[in-house]
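The next block holds one structure in the form of structure tokens; read it before the comments.
2 protein chains.
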Amino acid sequence: MEKIPNIHEDFAEWYQYVTIKAELADYGPVKGTMIHRPYGFALWKQVQKGLGGMIEDDGVSDVYFPMFIPYSFLAKEKEHVEGFAPEVAMITEAGGEKLEEPLVIRPTSETIMYKTFPNWIHSYRDLPLKINQWCNIVRWEKRTVMYMRTSEFLWQEGHTAYATRDGAVDDVMQAANRYESFLRDYMAVPGYKGYKTTGEKFAGADFTVTIETLVKNKKALQIATSHLLGQNFAKAFDITFLDENNTTQHVWQTSWGFSTRALGGMLGAHGDEKGLILPPKMAPIQVVIIPIFKSEEDRETVAKFVSNIEIMFKETGIRFKVDWGNETPGWKFNQWELKGVPMRLEIGKREAEAKQVSYTTRLGQKGTLLLESTLHKAVSTLLDEFHAMLLARAEAFLEENTVDVASEDELVKAIDSGKAMYRVFFKDDTIRAKALQEKYKITPRCIPFATIDQRGPDFITGEEGVPTIFAKAY
Amino acid sequence: MEKIPNIHEDFAEWYQYVTIKAELADYGPVKGTMIHRPYGFALWKQVQKGLGGMIEDDGVSDVYFPMFIPYSFLAKEKEHVEGFAPEVAMITEAGGEKLEEPLVIRPTSETIMYKTFPNWIHSYRDLPLKINQWCNIVRWEKRTVMYMRTSEFLWQEGHTAYATRDGAVDDVMQAANRYESFLRDYMAVPGYKGYKTTGEKFAGADFTVTIETLVKNKKALQIATSHLLGQNFAKAFDITFLDENNTTQHVWQTSWGFSTRALGGMLGAHGDEKGLILPPKMAPIQVVIIPIFKSEEDRETVAKFVSNIEIMFKETGIRFKVDWGNETPGWKFNQWELKGVPMRLEIGKREAEAKQVSYTTRLGQKGTLLLESTLHKAVSTLLDEFHAMLLARAEAFLEENTVDVASEDELVKAIDSGKAMYRVFFKDDTIRAKALQEKYKITPRCIPFATIDQRGPDFITGEEGVPTIFAKAY
């Protein structure tokens, strides 16, 4: 087996190597695109199932809108078009003819959806309207970073309309909380949840809530964003309703999205020098079973024992694979470690005779378990512990790398010391944020909810500021 | 309520009316596109769950490939590019720049997938390779017929590579059988399964297997196709493997697809003068409960009784809705009939007191059922019977409208008599098929497997022919 690039010395090399060698993904032939292979796409299916289930349970209905948007729609909301126009892909010819109006491939679906909302919303009884779609999105990129940065990516985008601003604000918070839960409970990815600063919010939103996590290369990654659109689009697209007093009002809207980029965050948050580490709730294979035998007779003894375990795991929903390949056990260990499988069971003649299995987790715990009617429960418990350890590790990494900074000097020191996230008091100001970006390559990542009530002197100007996290970001 | 257009007199009007009024779909702003609303998209989710489950169970893995295909890829297989070039949408500008090579939005994914296969396939041990993706597809259309004909549509496309032709042929048949089962068992849609004639097969295939059904307007609809690609693409894209004797060989390939068009076939196969009729396995709402009351006191009695049923239905997985809306029961009956809900339960004070419910199915059966611990089973049985009736009705329609034709004179008579599908002995010949199309607007739909061994004189030339079904088609 080739040597895996060192994750600490060259994260980018490591990341590219493991995503490809673990057979998660390949580069697409067009710059900026990627191919999701079965092992990698299974991760996205877990998102669709887990997060999708949570979204449905909250009363949001799935829909599908066309991906072609007339350019004129995009232009209806001023900030929106300014934000997205530079990165759209345009269709100018189709069916052998030049089109009268160029079509944009959706960079997000606000405009095409909201153009239709007036047909569906008439009175307060039609509200709230809550819809969601899972689809492909295009924002032009020339440089590909698997999952993190691709010109076509997959996501879900939720869109809602409410009768009141309060209703819409609650919806934004519910969406952000749902994302936070999914990230923690499925992906073992912690992050700072908070408001985007003015310069970083969604093009066309009143405010944006984000979750910012930290990848092993100490770059921040914005994972899931939820936007209060206010009445901006409602006014641009004339989406009104008759309220209970028969008065015409504009609706209040939200949108929120979670994309394949989050998978990049998860892979980058947990990996190590051996390769990927997948959280058990996301892992396509939670347990790999490696039969170990020398003679054909031993093989039969082992096979018989393994088949009992297979039946039990199938019945109890543990996702597993038995690797009967011709390679050596050592090669297989490396391979499944590279692929990030949380738990490995080694089963040889000795184990079969003693009716027990030896386990090793991807975080290094080892032990033996007896094959009793409760083996699956013991395995589930170990997987739950594995998840908790992974999350705790990622939380510690996030915390260790966050530092309070009270002045520009301290910021320089913090950057030099290798810390990644700088918590400062900052008075939101887009021009000053830009200046900091130019000077230090850092951007305001978010104003965390956890410390939103604190006030203190801006770390540069001394004006009243609010705790804000800066970092180098993807 | 407005009057529903007459399904027998003007099917096209009826179809457009019901798809929109039942809130399945809306037209998109760009010609040729449609919007899948929650009630309609739920039908596609059933396809993804039902058919998707069958595909997975057969060992096919889901993947996702980019939708952008360099034009040069398309051109690698001669028949393929001739078939698809006229209907592709082209991206010529992206990210504010003119592209060096125009990109095509996938009209199907053979070329982009197979360009990558050489990276994945090296030896016979890598075969068979079986992958599938659910995605959007673009084939330019200016005229929209909801579901049946749209420039962007949704589908699944399966792609496989085998070491032998036999393996690939078996795969094509397995795919076609899977589609046939899904169509019958979920959609209650029967059809003729058979080979496409040479002129109608997939561009780049050795042969195509299709299922052809009949819509209420007596037009045939091609629903699901499975292609033996042979070694055509393998040679164009140089997909080879080392066999067990260490000899390099080209792989044998298949592809097969099922699209949102099938939903159009289902809607058009079952509807009637009152609107849609949805097969229970597909229906987002299988049972609608209409509470009937006059006084507030009655309302409470009814509500209490209904809540018991709700608990039972939730636990037993019956998809239901209780309509507490302010409209009259009569209005509600019409509305839910239009929406095609298979079964309606009416519950008033009398029913609540007698602990029973009155039911009416969308096919007109009526009766009462007692609220016992087995009510859900009685409902399930009625829904199963409903499915069987719907399928039998559609089968009878298909049969009644198929007629044996032994000469051109008989064909003319059959067309005049209003029959829809003409079973003739035909010697496959693309030029003669074209001539028949120009003269009678009919095309060869398929060479049914059921009668594939029969031979007889071609209905026009007298040469030896095989039973072939002609019809006017979508």
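Chains as they are written, first to last, in the numbering used here: chain A, 1 to 474; chain B, 1001 to 1474.
Note that the Cβ used here is the ideal one computed from N, Cα and C, for glycine as well.
Query	Result
Contact between the segment 150-159 of chain A and the segment 182-198 of chain A (3+ Cβ pairs under 8 Å)	no
Beta carbon proximity, A/Val-288 to chain B, threshold 7 Å	no
Buried/exposed call for A/Asp-272, threshold 16 Cβ in 10 Å	buried
Same chain, Cβ closer than 7 Å to A/Ile-69, neighbours up to 5 away in sequence not counted	Leu-103, Val-104, Arg-106, Thr-111 and Ile-112
Where A/His-250 meets chain B, residues with beta-carbon distance less than 7 Å	Those do not exist, as A/His-250 stays about 21 Å from chain B at its closest Cβ, beyond 7 Å.
Coil, strand or helix - B/His-1250 by DSSP	strand
Beta-carbon spacing of B/Met-1343, B/Val-1306 below 7 Å	no
Assigned exposure category for B/Asp-1429 - 16 Cβ within 10 Å defines buried	buried
C-alpha gap between A/Pro-362 and A/Lys-304, whole angstroms	Strictly speaking, residue 362 of chain A in this sequence is Arg, with Pro absent from that position. Each residue's alpha carbon lies about 26 Å from the other.
Interface flag, B/Met-954 vs chain A, CB-CB below 7 Å	Residue 954 of chain B lies beyond the stretch modelled for chain B, which goes from 1001 to 1474, so this question has no answer here.
Outcome for B/Glu-1479 when other beta-carbon atoms lying within 10 angstroms are tallied against a minimum of 16	Within the shown structure, residues of chain B are numbered from 1001 to 1474, placing residue 1479 of chain B beyond reach of any answer.
Runs of beta strand (DSSP E) wholly within the segment 185-209 of chain A (minimum 3 residues, chain order)	192-195
Burial state of B/Leu-1370, where buried means 16 or more other Cβ atoms lie within 10 Å	exposed
Beta carbon proximity, B/His-1036 to chain A, threshold 7 Å	yes
DSSP state of B/Asn-1132 mapped onto helix, strand, coil	strand
Within-7 Å CB hit, A/Pro-107 to chain B	no
Cβ-Cβ distance between B/Ile-1223 and B/Pro-1291 below 7 Å	no
B/Gly-1462, DSSP secondary structure in three states	coil
Separation of B/Val-1403 from B/Ala-1420, as counted between CA atoms	8 Å
Contacts that A/Leu-103 makes with chain B (C-beta to C-beta distance below 9 Å)	Val-1030 and Ala-1089
A/Asp-272 - partner residues in DSSP beta bridges	A/Gly-275
Bridge partner(s) assigned by DSSP for B/Trp-1155	B/Cys-1135 and B/Ser-1259
Opening and closing residue of the beta strand (DSSP E) in which B/Met-1090 lies	1089-1094
B/Trp-1140: contacting residues in chain A (beta-carbon distance under 7 Å)	Ala-94 and Gly-95
Contact between the segment 128-140 of chain A and the segment 6-18 of chain A (3+ Cβ pairs under 8 Å)	no
Beta carbon proximity, A/Glu-346 to chain B, threshold 7 Å	no
Residues within the segment 134-159 of chain A neighbouring chain B, beta-carbon criterion of under 9 Å	Cys-135, Asn-136, Val-138, Arg-139, Trp-140, Glu-141, Lys-142, Thr-150, Ser-151, Glu-152 and Leu-154
Same chain only: Cβ atoms within 6 Å of B/Ile-1131, ignoring 5 sequence neighbours per side	Ser-1061, Val-1063 and His-1159
C-beta neighbour in chain C for A/Pro-284, strict 7 Å	The structure shown has no chain C; the protein chains it does contain are A and B.
Heavy atom of the ligand NAP within 6 Å of B/Phe-1426 beta-carbon	You won't find the ligand NAP in this model; it holds no ligand whatsoever.
Cβ pair B/His-1080, B/Gly-1204 closer than 7 Å	yes
Length of the line joining the Cα atoms of B/Thr-1468 and B/Gly-1083	23 Å
DSSP beta-bridge partners of A/Gln-356	A/Leu-370
Cβ pair A/Phe-207, A/Tyr-114 closer than 7 Å	no
Alpha carbon of A/Glu-200 to alpha carbon of A/Leu-276, nearest angstrom	31 Å
Of the listed residues B/Thr-1092, B/Asn-1401 and B/Gln-1249, nearest to B/Arg-1165 (C-alpha basis)	B/Gln-1249
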